[in-house]
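In this note's numbering, the protein residues as written are -2 to 136.
Okay, structure coming up:
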C-alpha cells in the first residue's frame, strides 16, 4: 500500500493539532508555514477530516481547527481511511491463486493493525532521541 500525499499531509495536520490539543484553535496557514506545505492543499484535506468529525472549525479572527476528541482516541487508521479509502495493498482478483490471496490478506491485516494501534498521541509525543537510543547497537 502506498500512502499518497493526501494521507501523509493529513497526518501532518492531525499531529500538529494533537501537539496543541487543549490550546487555542490552529489556523491551517500556521500549519502550512510550519511544515512548508501548501495552505490551499491543506484546505482540501481538512474538509474530509471535518466531515468525519475528526476535527472541527472555529470561525473568527482567532479561529482555526481543533481535534474533536483526545489524541489518544484517534488512530492513524482513522485518518488514513478518511483520506485514502480502504486499507489494502492490492486489488484482490477472483482468479488469483489462493496462496497469493492469503499473502495479500496477511499484509493488509499487518498494515491495518499497525495503523489501528498507533494513536495521534503516540505520533505527537514521538521522541526520535529515545527511538534512536533504544535501537543503538554497540560493538
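Note that beta-carbon positions come from the ideal geometry of N, C-alpha and C, so glycine has one too. Predicted model, so just to flag it, every value in this text is computed and none were measured.
Short check: CB of residue i to CB of residue j, under 8 Å?
| i | j | result |
| --- | --- | --- |
| residue 65 | residue 53 | yes |
| residue 28 | residue 15 | no |
| residue 118 | residue 74 | no |
| residue 80 | residue 42 | yes |
| residue 84 | residue 105 | yes |
| residue 63 | residue 55 | yes |
| residue 18 | residue 86 | no |
| residue 39 | residue 25 | yes |
Taking the DSSP output, what are the residues bridged to residue i?
| i | result |
| --- | --- |
| residue 102 | DSSP output for residue 102 lists no bridge partner at all. |
| residue 64 | 52 |
Under the rule that 16 or more other beta-carbon atoms within 10 Å means buried, what is residue i, buried or exposed?
| i | result |
| --- | --- |
| residue 90 | exposed |
| residue 58 | exposed |
| residue 61 | buried |
| residue 116 | buried |
| residue 4 | buried |
Along the chain, where does the alpha helix (DSSP H) that runs through residue i open and close?
| i | result |
| --- | --- |
| residue 7 | 2 to 16 |
| residue 118 | 117 to 121 |
| residue 76 | 73 to 81 |
| residue 28 | 25 to 32 |
Are any of the Cβ atoms in chain B nearer than 8 Å to that of residue i?
| i | result |
| --- | --- |
| residue 16 | Looking at the structure shown, chain B is missing, and only one protein chain is on hand. |
- Query: Would you call the segment 26 to 33 and the segment 8 to 16 in contact, with 3 or more CB pairs under 8 Å?
  - Reply: yes
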